[in-house]
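K.L.:
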Amino acid sequence: MSYWVELKNIEELKKEMAFIKLLGIAILLALIAMYEWPKIEPNQKKEKAAFVILSLFAGGMLAMVLFFPEIPGPNKWMVTIFKPLGDLLEE
86 MSYWVELKNI EELKKEMAFI KLLGIAILLA LIAMYEWPKI EPNQKKEKAA FVILSLFAGG
146 MLAMVLFFPE IPGPNKWMVT IFKPLGDLLE E
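Note that the working numbering has the sequence shown beginning at 86, numbered continuously upward.
1. Quick one: grab the DSSP three-state call for residue 158.
2. Compute the beta-carbon to beta-carbon distance between residue 142 and residue 121, rounded to the nearest angstrom, for a pair I have assumed lies under 8 Å.
3. How would you write the range of the alpha helix (DSSP H) that residue 142 sits in, first residue to last?
4. Just the Cα atoms here: how many angstroms apart are residue 155 and residue 113?
5. Does the beta-carbon distance from residue 147 to residue 117 come in below 8 Å?
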């Protein structure tokens with residue numbers, strides 16, 4: 086019986102560690118934003134929008150890899166997308 090209790094505790098610990106890692110990612114993104122945001126000129130609205138969108142996209146990708154490690158990463162996506170183009174250019 087203690088084996089199952091320990092196994093349950095291990096699974097709970099893994100979930101807690103994943104959320105701690107997610108919190109670390111959020112803190113890291115916030116620190117990067119705090120460092121970079123003042124360097125962007127106030128009239129550069131498009132640059133600020135791009136910074137926010139890319140930061141959120143990167144944070145979302147990191148969270149996906151953290152919670153779903155079995156999904157293929159962006160590297161495989163690029164191979165899937167550009168392999169037909171590369172084959173076409175070789176001909």
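Yeah, the Cβ is synthetic: ideal placement off N, Cα and C, and Gly gets one too. Since this is a predicted model, take the numbers as computed values, not measurements.
P.N.:
So, to answer that:
1. Translated into the one-based positions of the sequence shown, residue 158 becomes position 73. Residue 158: coil per DSSP, three-state reduction.
2. As a first step, residue 142 must be located in the sequence shown, where it is residue number 57. As a first step, residue 121 must be located in the sequence shown, where it is residue number 36. Contact flag wrong, Cβ pair sits at about 15 Å.
3. For the purposes of this step, residue 142 is taken as residue 57 along the sequence shown, with counting starting at 1. Run containing residue 142: 130 to 152, per the alpha helix (DSSP H) assignment.
4. For this step, residue 155 is matched to residue 70 along the sequence shown. For this step, residue 113 is matched to residue 28 along the sequence shown. Approximately 24 Å between the Cα atoms of the pair.
5. Here residue 147 is taken as the residue at index 62 of the sequence shown, counted from 1. Here residue 117 is taken as the residue at index 32 of the sequence shown, counted from 1. Contact flag unset, no.
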